[in-house]
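What follows is a short report on a single structure.
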Amino acid sequence: SISSTSLQKRLSLVIVKSYSKSCTGASIKFIFQAKMLQEELTETTVEDKLRRLCTFFTAKSFEQIDMTFDLTVDINVDRGYFLEMMAGAITFHFGIQTDASTLEQFQTLGDIANYIHSNQS
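Here UniProt numbering is used: the first residue of the sequence shown is 1, the next is one more, and so on.
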């Protein structure tokens, strides 16, 4: 018997593999990162989950990222792309409907953590 989560991951992988055959390298990277952001996070605190998510967008390790992580300076991808991906991850992992325009006003990872804490029920 296959769990529904396991089946969903397998189906997602098949869809991504078949879709990626017709994509450019940049599109494949985007799809891969989007799937990574939907993987189960093993961290237990909001802050640690955000730190883990940021490792996808920087050369810094989990240990090097803290709540002073600058959302403009410390990422090594386009800021708009970063905000879109993080908004999707916040919606998915924290159940808080978020879009990139909401995150544009924040300067640090700590600002996002405060936003999540203030919007969790």
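For glycine and all other residues, C-beta sits at the position ideal for the given N, C-alpha and C.
Please read these numbers as outputs of a predicted model, since none were measured by experiment.
Checklist entry - Just the Cα atoms here: how many angstroms apart are ARG51 and GLU63? => result 8 Å
Item to check | Through-space distance from THR98 to THR58, alpha-carbon basis | outcome: 21 Å
Item to check | 7 Å Cβ shell around LEU91 - same chain, five flanking residues per side excluded | outcome: Leu is not the amino acid found at residue 91; the sequence shown has Thr there. Closer than 7 Å at the Cβ level, and outside the excluded window around THR91, lie GLN97 and THR98.
Checklist entry - In angstroms, rounded to a whole number, what distance separates the CA positions of THR24 and MET67? => result Residue placement at THR24 is poorly supported in this model, since its pLDDT is 47, which falls under 50; the coordinates still yield a value, given next. Answer to the nearest angstrom: the Cα atoms are 34 Å apart.
Next on the checklist: Helix, strand or coil, according to DSSP, for THR108 in the structure here?
Outcome noted: strand
Checklist entry - Taking buried to mean at least 16 other C-beta atoms within 10 Å of its own C-beta, is HIS93 buried or exposed? => result buried
Next on the checklist: Looking only at its chain, what residues have a beta carbon closer than 6 Å to the beta carbon of GLN105, apart from the 5 residues adjacent to it on each side?
Outcome noted: none
Item to check | Inter-residue spacing [alpha-carbon to alpha-carbon] between THR55 and ALA100 | outcome: 18 Å
Item to check | Length of the line joining the Cα atoms of THR42 and LYS49 | outcome: 8 Å
Item to check | For ALA87, the nearest candidate out of ASP78, LEU103, THR72 and VAL46 (CA to CA) | outcome: LEU103
Next on the checklist: According to DSSP, ASP70 sits in a beta bridge with which residue or residues?
Outcome noted: THR108
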